[in-house]
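S.K.: To start, I am sharing the structure in question, which I have written as structure tokens.
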Amino acid sequence: MPTATLTTGLSGGQVGRSLPRLEAREKVTGRAEYTHNLRLPGMLYGKVFRSTVGHGRIKSIDTGAAKAVPGVYQVVTAQDVIKVIPHPYYGPAFHDQPILAIGKVHYVGEPVAVVLAEDPHVAEAAAALIVAEYEELPAVYDEVEAAQNRILVHDELKPAGTFADLKHLKGAKGTNIALDYQLRKGDVDKAFSEAAHVFEHEFRTQKVLHLAFEPFVSIADYKSNRLTLYTASQGPSFVRIEIARLLGWPENRVRIKVPFLGGGYGGKLYIKLEAMVTALSMIAKRPVKVSLPMEEVFYTISRHPMTFRIKSGVDRDGRITARRCEVFWNGGAYADIGPRVAQKSGFTASGPYDIENVSIDSYALYTNQPPAGALRGFGVPQLVWAYESHTDMMARALKMDPLEFRRRNIMREGGKHTTGTPLKDAPVEKVLEHVAARMNWSKPLDRGNGVIRRGRGLAIAIKAVISPTTSVAIVNVNADGSTTLYCGTIDMGQGSDTAMAQMVGEILNVPAESVNVVPRDTDVTPYDMGTLGSRSLFHMGHAVKLAAEEARDKIAALARDLGLPEGTNYSIADLFQKKYGMQAGNIVGTGIFKPDYVPPQPGTGLTPKVTPFWMVSGVGAEVEVDTETGHVRITRLLNVCEIGKPINPKICESQISGAATMQLGFTMFEKMHFDGGQVTNASLADYKIPGIHDLPVTFENETIDAYQSNGPFGGKGVGEVATFCVSPAIGNAIDDAIGVRLTELPLNPEAVLRALRAKQNRPIEDA
Amino acid sequence: MTSRRTISFTLNGEQVSAQISAHHSLLEVVRDDFNLYGARESCGQGLCGCCTLIVDGRAVSGCLYLAAFADGAVVETIEHLDRDNLLDPVQEAFIEEGAFQCGFCTPGFVLMVKQLLDEHPDPDDDRIRDYLSGNLCRCAAYPEIIQAVKSAARKRQPGKTA
Amino acid sequence: MTPFELAEPATVEDALRLLDPQDSSVRPLGGGTALMLMMKAGVFRPTRLVSLRKIAALSRIIATPDGGLVIGALTPLGDVERSAEVARRAGVIVRTMRRLSNVRVRNVATIGGCLAHGDPHMDLPPVLMALDAEIRVAGRAGERALKVENLYAGYYETALNRDEIITELHIPSQGARSAAYLKCTTGSADDWPALGVAVSFEADGNAIRAPRVVVSAATEKATRLKGAEATLSGAAVDDALLARAGDAAAAEAETISDVRGSAPYKRELVRVYVRRAVRQAFDGELKGAAH
């Protein structure tokens, strides 16, 4: 029986436990709920018909043959959508994405029509019979080319106002630039002219994607005055707000229900299929499910390819005195959250380096590729690929040890970040030294002299958590003393339900396993900005802690009201019994958390409060390169992350190794291939992700001893931090092994061998 | 030679039958007709293992297995493992080692690990990796999964050293 | 997938009657894994599939008195992998199977289905070519024999007629020959190969006799490289010989560009992997390992 002790200061003993995830039994027995499994009575399946053209005016859509297939309920195009949702454009930054293409298509794979049928096979067969004709228009696929604004993706940009930090965006014409973030500190031109050395490099990253194993899936059940959406989403509150806006309804008539997600990694954010199924259900007057096959996931959302032109001035002592960063983000045909990537990650583009003169221009660009959005790391892994490769290139040119060069230039705890925000609980130096020590960096490495050459590399990076964002939590203590937690954080495998339960248990002195974390339902669970960007442990954790504390305080107050002396052990059930004469009633505690934030000054991009916490990580890598084939074997990958005090150490460790493995795939072989605008490898057969044989031979994932001073129980986020440094650490190790510098990802064997053979003056013929 | 037919088979120990068309996969039948959702279609190409089903004692990719082929067969799903409300040692090991995150691929892994240990009770690292190379995990819980295999092997053979 | 007829004949004769030489939408079905992939991708829309699964005689493994093997076309790959006779008489097949596709595919895919599919990325065809294997093909005109090395006409193209069925695979006795298969992947470790190299030869002291060198995956079909074989034949094994054989192979193989590598890069892979495969087969032989 849960008890309350009416003295403060007793620890519940839940935080810091490596207990198994609360839902472990359901997951290993195959009984966990996913939207993927859900069927509703009377439900129709929707099969999407998609554009085969990268940019074009729609001349006609012939649905006749499709409609004639027996079992087809209806074939829907934009004309039908506009009748139920007059202005059917959505998006977190711009209201630019139509539910179904209107007048024009902007990328290959854009939804143009939907076939509805009770049998998904029938819907699929019918969709194959739709014929659309397009007047093809010039298309632009490359981000640097798009920035020149010669070929325009959209005739007019349509800003939204949903997030506070994007409100300043003004609608514009004649441009593909959705956001131009600028940071100006000091005078870079003057510093370059005075520098002893100036280095200028360009780096690129490729288009990759999340590939959560539960593909995108949403079900809408529209009634004339209520809409319920069952959807695999990381952000049900945003979905509710956006769908309510599209319908012109108050929020409280739209209900979003989210069970477990079969993976998310940032892909299941904002609006994906939710608006589409809403419109379809309104039109069909029946529940409608759209569940994408893996191929169509490639046409839905992916990561921003990036070109980063970086220029640094270095003085005689090896101190970086100036840095100019020009970053071009390939956002694809619809902005999604790209502008936030350009801004929020843009301001970290100069890296964890203490540089007096910095200029950053970070451009979110429209192109005719499929849309790009948030993916674990939110642009930072791409930036770090560039600046940590650049760091090593400078060190080698200056004949300095890459570690020593970093030591000379990194930001230090207590100093200021480039934005002007103080660096608190951002132990860059400590992480770097930990990596160096564990890699035995000071000891020489035998690089070999045969076919196999060895090398090692390291990298260090920093990210700021998104701000400002709001989280609300409710803790309910029931009449028998059992506890229920209502919070909107989505558990997609990162163990958030378990961590939040641990925090409730810590405050209320109950085992975490006894806390019921209610399935997400916006009729029940309160507002949360979204499960993204490593924000939940900190922000929702604070809200949960506050809610539990309020509940605890109310329990104590009730005990005092009932005249019970301090320091006595009473069961909570007894308190309720005394108060209400029977097992009845609740005690409810609410917590709301929003951190302080000062927006960056337009023009300078500077602010004293850009983020409530920093994420710092470093990686050391050892590789073996087969100099005859270009194959790279990762013999050792060491991840060192600073995550404050882990709430659940075992889950944190698996988050670190999981994130690093995902980034390993992005580093070594993942790539979406295109023929013009058409993705040519839209399947797991041809787009390879890491399997069990791809793990590094020695794979170490560690955290350093730390405490986030403003974090709940000293903790902060861990979901992304291990992604930042994997790519450049490996690129640096390859350079160390064979003296070859690759500036584009992925680092596949052909790229490595071509670079090596070019250096040896016996190049491989062009492809 | 008609397209629509009735198949009869043993499903998780019970005799059942289902009305199917030739183009239905066994995975669809298990999910849509029998409401067993532990096996899921993800890659649709038999590469990820989320759709793993056991047919006549051998693991198959349910998304590529014609339902018609299950006629007269013995079919088992993940749900069969805890039929007595007791977890299989492999499932216990997965929980103890935290060998999953989002859980979508987990039933497939559990069934494959069970088959692995049935065929090779004391597998070395190479055998474990080779056998599980056809099961993918996007959350990349591979290190924990490898530990869970070793732990399950020990549980299944008490008294033997790992 | 679109609906189709599924026929399940009990004999080869019945199966042959159901096939139509003119109709490419009627196909025989083994385990179905490869055809299911094509149907789900929409690149193959059958009107009728003729399943051979109920023809019991087609699933068997026989060790023949002359030291060879006869494997029925409907034998699942997994059965071949687990067969002690196959391990003894053609161990390279068992070693190859361990990394061939995955366990679930091997439990269902059949020898005949694998051979008839014509996918140049598959591991088994080049290995069987290196072993000088032969298939038996049943058609309405009767039965014929066809060497596996003559089975492939082009990219996903076999020398089979639409109304023919593979019934058996015959692997001759390998005697004192040694063999190796190397697979090179350039994506994830378990990707389809960018290149497969299978070699087989008799080692006579330090010299190589009667070599067979086959490349696959990097070329439009699995191909014997007779130039490389000529370089190796009768020669003493040393690094210089292996380098010459690799160069000959690289000059001879017509590599193609795809998502796994460009043609020029694959040519370099051929150069390296032919050399390494011969070395592996030779060293395996020296260590007393079976073929």
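Residue numbers (our numbering), protein chains in the order written: chain A, 1 to 767; chain B, 1001 to 1162; chain C, 2001 to 2291. The beta-carbon is built from N, C-alpha and C at its ideal position, and this holds for glycine as well.
For the alpha helix (DSSP H) containing W385/A, list its first residue and its last residue.
M.R.: Locating residue 385/A in the first sequence gives position 385, counting from the first residue. Taken as a continuous stretch (DSSP letters only), the alpha helix (DSSP H) holding W385/A covers 380-397.
S.K.: Helix, strand or coil for Y134/A per DSSP?
M.R.: As a first step, residue 134/A is located in the first sequence; it is residue number 134 there, counting from the start. In the structure shown, Y134/A sits in a strand (DSSP, three-state: E or B).
S.K.: Along the chain, where does the beta strand (DSSP E) that runs through I634/A open and close?
M.R.: By 1-based counting over the first sequence, the position of residue 634/A is 634. Residues 632-642.
S.K.: Pick out the complete alpha helix (DSSP H) segments inside the segment 208-266 of chain A, 4 residues or longer, and give them in chain order.
M.R.: Runs of the alpha helix (DSSP H) inside the segment 208-266 of chain A: 236-247.
S.K.: Here's a check: name, in chain order, each residue in its chain whose Cβ is nearer than 6 Å to the Cβ of R286/A, leaving out the five neighbours to either side.
M.R.: Within the first sequence, residue 286/A is the residue found at index 286, counting from 1. The residues are G42, L44.
S.K.: For chain B, find out if any of its Cβ atoms is closer than 8 Å to the Cβ of M2038/C; answer yes or no.
M.R.: One-based indexing of the third sequence puts residue 2038/C at position 38. Judged by the 8 Å Cβ criterion, M2038/C is not in contact with chain B.
S.K.: Could you tell me whether any Cβ in chain A is nearer than 8 Å to the Cβ of G2288/C?
M.R.: In the third sequence, residue 2288/C corresponds to position 288, counting from 1. Note on G2288/C: pLDDT 48, under 50, position unreliable in the model; no value is reported.
S.K.: Compute the Euclidean distance between the alpha carbons of Q577/A and D561/A, then round it to the nearest angstrom.
M.R.: The residue you call residue 577/A lines up with position 577 of the first sequence. The residue you call residue 561/A lines up with position 561 of the first sequence. So the alpha carbons of these two residues sit roughly 14 Å apart.
S.K.: Would you please verify whether the beta carbon of T1002/B is less than 8 Å from any beta carbon of chain A?
M.R.: Indexing the second sequence from 1 puts residue 1002/B at position 2. Caution is warranted here: a pLDDT of 47 is assigned to T1002/B, below 50, making its placement in the model unreliable, and no coordinate value can be reported.
S.K.: Could you work out which residue in Y597/A, V76/A, I704/A, E274/A is closest to H434/A when comparing CA atoms only?
M.R.: By 1-based counting over the first sequence, the position of residue 434/A is 434. Nearest of Y597/A, V76/A, I704/A, E274/A to H434/A, Cα basis: I704/A.
S.K.: To be precise: take each residue of the segment 672-692 of chain A, compare its Cβ to all Cβ atoms of chain C, and keep it if any distance is under 9 Å. Which residues remain?
M.R.: Within the segment 672-692 of chain A, the qualifying residues are H673, T680, N681, S683, A685, D686, Y687, K688, I689, P690, G691, I692.
S.K.: Considering only residues of the same chain and omitting the five flanking positions on each side of D2132/C, which have a CB-CB separation below 6 Å?
M.R.: Counting from one through the third sequence, the residue named residue 2132/C turns up at place 132. Closer than 6 Å at Cβ, skipping near neighbours: P2172.
S.K.: Quickly, what does DSSP pair G620/A with across the bridge? List them, please.
M.R.: Against the first sequence, residue 620/A aligns to sequence position 620. Beta-bridge pairing links G620/A to L458/A, L638/A.
S.K.: For I1138/B, return the contacting residues in chain A, with the cut-off set at a CB-CB distance below 7 Å.
M.R.: Position 138 of the second sequence, counting from 1, holds the residue named residue 1138/B. The residue you asked about is not Ile; residue 1138/B is Arg in the sequence shown. The contacting residues are L211, A212, F213, G263, I689.
S.K.: What in chain C is Cβ-close to Y1142/B, meaning under 8 Å?
M.R.: Against the second sequence, residue 1142/B aligns to sequence position 142. Neighbours of Y1142/B on chain C: none; closest Cβ ~12 Å, over 8 Å.
S.K.: Hey, out of G450/A, R340/A, G373/A, I460/A, whose CA is closest to E404/A's CA?
M.R.: To locate residue 404/A, count along the first sequence from 1; it is residue 404. The residue with the shortest Cα to Cα distance from E404/A is I460/A.
S.K.: Alpha carbon to alpha carbon, what distance is there between T2158/C and G2118/C?
M.R.: As a working mapping, residue 2118/C is identified with position 118 in the third sequence. As a working mapping, residue 2158/C is identified with position 158 in the third sequence. Computed Cα separation, rounded: 6 Å.
S.K.: Mark G9/A as exposed unless 16 or more other C-beta atoms lie within 10 angstroms of its C-beta, in which case mark it buried.
M.R.: Indexing the first sequence from 1 puts residue 9/A at position 9. Unreliable placement is indicated for G9/A, whose pLDDT of 35 sits below 50; the coordinate value is still reported in the next sentence. The residue in question, G9/A, is exposed, as its Cβ has fewer than 16 Cβ neighbours within 10 Å.
S.K.: For H1023/B, count neighbouring C-beta atoms within 10 Å of its own C-beta (all shown protein chains included) and say buried if the count is 16 or more, exposed if not.
M.R.: The residue labelled residue 1023/B in the question sits at position 23 within the second sequence. Under this definition H1023/B is a buried residue.
S.K.: Counting contacts by CB-CB distance shorter than 8 Å, is H1120/B in contact with chain A?
M.R.: Walking along the second sequence from the start, residue 1120/B turns up at place 120. Judged by the 8 Å Cβ criterion, H1120/B is not in contact with chain A.
S.K.: Can you have a look at P2065/C and say buried or exposed, based on whether 16 or more other CB atoms are within 10 angstroms of its CB?
M.R.: Here residue 2065/C is taken as the residue at index 65 of the third sequence, counted from 1. P2065/C is exposed by the Cβ-count criterion.
S.K.: Do you know how far the Cα of Y89/A is from the Cα of M1/A?
M.R.: Residue mapping note: residue 1/A aligns to position 1 of the first sequence, counting from 1. Residue mapping note: residue 89/A aligns to position 89 of the first sequence, counting from 1. Legend: pLDDT at M1/A = 44, less than 50; position of this residue unreliable, no value from coordinates given.
S.K.: Between the segment 2001-2030 of chain C and chain B, which residues of the former have CB atoms less than 9 Å from a CB of the latter, in chain order?
M.R.: So the list reads M2001, T2002, P2003, F2004, E2005, L2006, A2007, E2008, L2018, L2029, given in the order they occur along the chain.
S.K.: Check the C-beta distance from L2237/C over to F2282/C and give it rounded, since I have them as a contact under 8 Å.
M.R.: The sequence position of residue 2237/C within the third sequence is 237, counting from 1. The sequence position of residue 2282/C within the third sequence is 282, counting from 1. For the record, residue 2237/C in the displayed sequence is Val; it is not Leu. The pair is a contact, with the Cβ atoms about 5 Å apart (cut-off 8 Å).
S.K.: Residues of chain C with CB under 7 Å from N748/A, in chain order?
M.R.: Here residue 748/A refers to the residue found at position 748 when the first sequence is read from its first residue. The answer, in chain order, is T2186.
S.K.: Kindly list, in the order they appear in chain B, the residues whose Cβ is closer than 7 Å to that of R520/A.
M.R.: The residue you call residue 520/A lines up with position 520 of the first sequence. Those within 7 Å of R520/A in chain B number zero; the least Cβ separation is about 15 Å.
S.K.: Which residues of the segment 2093-2127 of chain C have a Cβ closer than 8 Å to any Cβ of chain B? Give them in chain order.
M.R.: Listed in sequence order: R2098, R2099, S2101, N2102, V2103, R2104, V2105, N2107, V2108.
S.K.: Please return the same chain residues whose Cβ sits closer than 6 Å to the Cβ of L638/A, not counting the five positions on each side in sequence.
M.R.: Within the first sequence, the letter at position 638 stands for residue 638/A. So the qualifying residues of the chain are R438, G620, E700.
S.K.: V1110/B touches chain A at which residues, Cβ-Cβ below 9 Å?
M.R.: Numbered from its first residue, the second sequence carries residue 1110/B at position 110. Ordered by position in chain A, the residues that pass the 9 Å Cβ test against V1110/B are V28, T29, G30.
S.K.: Give me, in chain order, the residues of the same chain whose beta-carbon lies closer than 6 Å to that of D2155/C; leave out the 5 immediate sequence neighbours on both sides.
M.R.: On the third sequence, position 155 is the one that residue 2155/C refers to. A small fix is needed here, since residue 2155/C is Tyr in this sequence, not Asp. Result list for Y2155/C: E2220, in chain order.
S.K.: Are the segment 48-55 of chain A and the segment 248-257 of chain A touching, with three or more C-beta to C-beta distances below 8 Å?
M.R.: Flag = no, the segment 48-55 of chain A and the segment 248-257 of chain A do not touch.
S.K.: Is there a Cβ of chain A sitting closer than 8 Å to that of G2032/C, yes or no?
M.R.: For the purposes of this step, residue 2032/C is taken as the residue at position 32 of the third sequence. By this cut-off, G2032/C is not an interface position.
S.K.: How is A1162/B classed by DSSP in three states: helix, strand or coil?
M.R.: Translated into the one-based positions of the second sequence, residue 1162/B becomes position 162. Note that A1162/B scores a pLDDT of 47, beneath 50, so its modelled location is shaky and nothing firm can be said.
S.K.: Distance check for V341/A and K594/A, CA to CA, integer angstroms please.
M.R.: As a position in the first sequence, residue 594/A is number 594, starting the count at 1. As a position in the first sequence, residue 341/A is number 341, starting the count at 1. Going from the Cα of K594/A to the Cα of V341/A covers about 21 Å.
S.K.: In the DSSP output, what is T590/A paired with across the bridge?
M.R.: The count along the first sequence starts at 1 and reaches residue 590/A at position 590. T590/A is bridged to I474/A.
S.K.: Compare the C-beta of R2162/C against all C-beta atoms of chain B and say whether one is closer than 8 Å.
M.R.: Walking along the third sequence from the start, residue 2162/C turns up at place 162. Not closer than 8 Å to any Cβ of chain B, the Cβ of R2162/C fails to qualify, so no.
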